[in-house]
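Shown next, in structure tokens, is the structure this report addresses.
2 protein chains.
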Amino acid sequence: MLGTDKQLESILSALEQADTLDGMQSVSEALRDHYKVDHLVYHWVDSAGDQYGCGTYSDAWQDQYLSQNYVRIDPVVQGCYQRFHPVDWKRLDWSSKAAREFLRTSAEYGVGNQGYSIPIRGPNGQFALFTVNHNCDDAEWTKFTEENRRDLILIAHYFNEKALEFEPGRQPIQQSSLSPREIDAMTLLAMGYSRAQVANSLSISEHTLRVYIESARFKLGALNTTHAVARAMSRGLIVV
Amino acid sequence: MLGTDKQLESILSALEQADTLDGMQSVSEALRDHYKVDHLVYHWVDSAGDQYGCGTYSDAWQDQYLSQNYVRIDPVVQGCYQRFHPVDWKRLDWSSKAAREFLRTSAEYGVGNQGYSIPIRGPNGQFALFTVNHNCDDAEWTKFTEENRRDLILIAHYFNEKALEFEPGRQPIQQSSLSPREIDAMTLLAMGYSRAQVANSLSISEHTLRVYIESARFKLGALNTTHAVARAMSRGLIVV
DNA sequence: TTTCCACTCCCCAGATATAGCGAGGGCAAC
DNA sequence: GTTGCCCTCGCTATATCTGGGGAGTGGAAA
Chain A
42 MLGTDKQLES ILSALEQADT LDGMQSVSEA LRDHYKVDHL VYHWVDSAGD
92 QYGCGTYSDA WQDQYLSQNY VRIDPVVQGC YQRFHPVDWK RLDWSSKAAR
142 EFLRTSAEYG VGNQGYSIPI RGPNGQFALF TVNHNCDDAE WTKFTEENRR
192 DLILIAHYFN EKALEFEPGR QPIQQSSLSP REIDAMTLLA MGYSRAQVAN
242 SLSISEHTLR VYIESARFKL GALNTTHAVA RAMSRGLIVV
Chain B
42 MLGTDKQLES ILSALEQADT LDGMQSVSEA LRDHYKVDHL VYHWVDSAGD
92 QYGCGTYSDA WQDQYLSQNY VRIDPVVQGC YQRFHPVDWK RLDWSSKAAR
142 EFLRTSAEYG VGNQGYSIPI RGPNGQFALF TVNHNCDDAE WTKFTEENRR
192 DLILIAHYFN EKALEFEPGR QPIQQSSLSP REIDAMTLLA MGYSRAQVAN
242 SLSISEHTLR VYIESARFKL GALNTTHAVA RAMSRGLIVV
């Protein structure tokens, strides 16, 4: 547990003082050695498929993952996106053919059979994963995750805190939040209403509604209504 | 620190076994006594304005907060919504007239002058706050928050985990999967491309694309394209 | 006080999406 | 070897959305 482990303390101090991605990389390697696991990875899953991370997976696997756009079929990402609590890979849905194929390929690149991933969310819909990976039997893995669950949650938190520090454009608190009416409009559009229906629901003319949509589109830097709704959702401005 | 404190351990065990909001309420009272602070509050902030929570603020203050819709002006909520890391209330922006008025009123209801709040985010844009509040001088408060920062992050995490358990409709994760092409289509639409652009990107005719969109709409039970994209996003089928 | 911003309303034309038909090849599972 | 799903292509007409203008109110901040 934290506080009872001098070595872990010093590693976390190093993380807090890291000021580059390389620094985080070193910390993940140190943590991997500390916990005696095969891999330890922080993975930022960003919009538009831009994603980065740091960790101990091989470069070859990272390249493969990105080039094959595995994020779209990775059950770990899919599963964590729906959850709040950390999840053991065994509890995910590996039934689809693509998922099994993905698993098989990952093993070829040195990814272990056991995994434990923690979803992390930041402002504006930011989403990331913190994963510990190992090769061992179920009993051993269960013991490990139960013993270290709390540590891992905290470490995940600290990794994300660092990653957000590095990310430009995240810190300047973009105050381009939507007005109440704009949020109403975006919300109802996301619920599938047509403009006429939305206007009716809000008891305003369709013309007025259009101004809100355009205004929201402008604020969100969106190219069209669908884009605006998508951005509003991913930034957590509306909930559907 | 966790793991070095038997009393805190037992309180957290009680939290893990809580199965009602009242149970969480009791835990927050126990934690307040444990940390010897004035208040300790978990506050679920829903976009629709539906909000609930549990904690040790007086009923009168909670009623006042809800009836006055303070969530819209509360600098703690506003500030935490843009941040990832825990934040001391002193670092928030209290400059607006509404904020100062709010602060003055809160003091009348027994809210202390010092506060430390942790933002928490779950799937589908869920957002909550975990706050510790006290009446003391700055030095004492800084010492307290620095010493207990890690504990508080973890406790916040556990509170939210419980709250999500209680929330109906959050658990059922239905996986109606889209085909790869449908996911491509939905993703590109969410990125703001028009149908013509999407068709071009995928190197297919616009007619074919339309079939995918319709098929995805059908699978998602969506009324139109925007709705389909919104549903695909909130179900984590596409990552934008 | 003035300046900003949110909110409300109006017209019109062109671009885009939706809805209705239908058709064939490939691949996998039952 | 039939059934079902995925991928691909076509046409046409109507509904809806987008983009270009302009205009007035009220409230809150500088």
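In order, the protein sequence lines correspond to chains A and B. Quick note, the first sequence lines up with residues 42 to 281 if you use the working numbering. Quick note, the second sequence lines up with residues 42 to 281 if you use the working numbering. For every residue, glycine included, the Cβ atom is placed at its ideal position computed from N, Cα and C.
In this structure, B:Cys95 sits away from B:Leu170, with a CB-CB distance that is not shorter than 8 Å. In terms of Cα proximity to A:Gly277, the closest of A:Gln48, A:Gly163, A:Leu250 and A:Glu188 is A:Gly163. Any Cβ of chain A closer than 8 Å to the Cβ of B:Ile224 would place that residue at the interface, and such an atom is present. Unbroken alpha helix (DSSP H) stretches of 4 residues or longer found wholly inside the stretch 195 to 253 of chain B: 221 to 231 and 236 to 243, given in chain order. By the CB criterion at 8 Å, B:Val86 and B:Phe185 fall outside the cutoff. The DSSP assignment places complete alpha helix (DSSP H) segments of no fewer than 4 residues inside the stretch 136 to 201 of chain A at 138 to 149, in order along the chain. A distance below 7 Å between beta-carbons, with the five flanking residues on each side excluded, links B:Leu230 to the following residues of its chain, in chain order: Val239, Thr266 and Val270.
Residues of chain A whose Cβ lies closer than 7 Å to the Cβ of B:Ile194 are, in chain order, Leu195 and His198. Fewer than three beta-carbon pairs drawn from the stretch 138 to 158 of chain A and the stretch 179 to 193 of chain B are found closer than 8 Å, and the two stretches are therefore not classed as touching. For B:Ser99, the CB contacts under 8 Å within the same chain, skipping 5 residues up- and downstream, are Tyr150 and Gly151 in chain order. In the displayed model, B:Tyr111 falls within a helix according to three-state DSSP. Of the other Cβ atoms in all chains shown, fewer than 16 fall within 10 Å of the Cβ of A:Gly262; this residue is therefore exposed. A check of alpha carbon separations from B:Pro221 across A:Arg113, A:Tyr199 and A:Thr228 identifies A:Arg113 as the nearest.
In this structure, DSSP gives B:His80 an extended state, which the three-state scheme calls strand. Relative to B:Tyr157, the option among B:Asp179, B:Leu62, B:Asn165 and B:Tyr93 whose CA is nearest is B:Asp179. Rounded to whole angstroms, the separation of the alpha carbons of B:Cys177 and A:Phe125 is 34 Å. Assigned with DSSP and collapsed to three states, B:Tyr106 falls in helix. For B:Thr186, no CB of chain A lies under 8 Å from its own CB, so it is not counted at the interface with that chain. A:Ile52: member of the alpha helix (DSSP H) spanning Lys47 to Gln58, first to last residue.
The Cβ atoms of B:His175 and B:Asp79 lie closer than 8 Å to each other. Put simply, the CB of B:Ser218 is near chain A, with a gap under 8 Å to one of its CB atoms.
The continuous alpha helix (DSSP H) containing B:Thr267 extends over residues Thr266 to Ser275.
Chain A places a beta carbon closer than 8 Å to that of B:Pro164, counting this residue as a contact. If you draw a straight line from the Cα of B:His75 to the Cα of B:Gln48, it comes to about 8 Å.
With a threshold of 8 Å between beta carbons, B:Arg251 makes no contact with chain A. Excluding residues up to 5 positions away in sequence, Arg222, Asp225, Ala226, Leu229 and Leu250 lie with their Cβ nearer than 8 Å to the Cβ of A:Leu243 in the same chain.
At least one beta carbon of chain A lies nearer than 8 Å to the beta carbon of B:His268. For B:Asn189, no chain A residue has a C-beta closer than 7 Å to its own C-beta; the minimum C-beta separation is roughly 11 Å. At a cut-off of 8 Å between C-beta atoms, A:Leu205 counts as an interface residue with respect to chain B.
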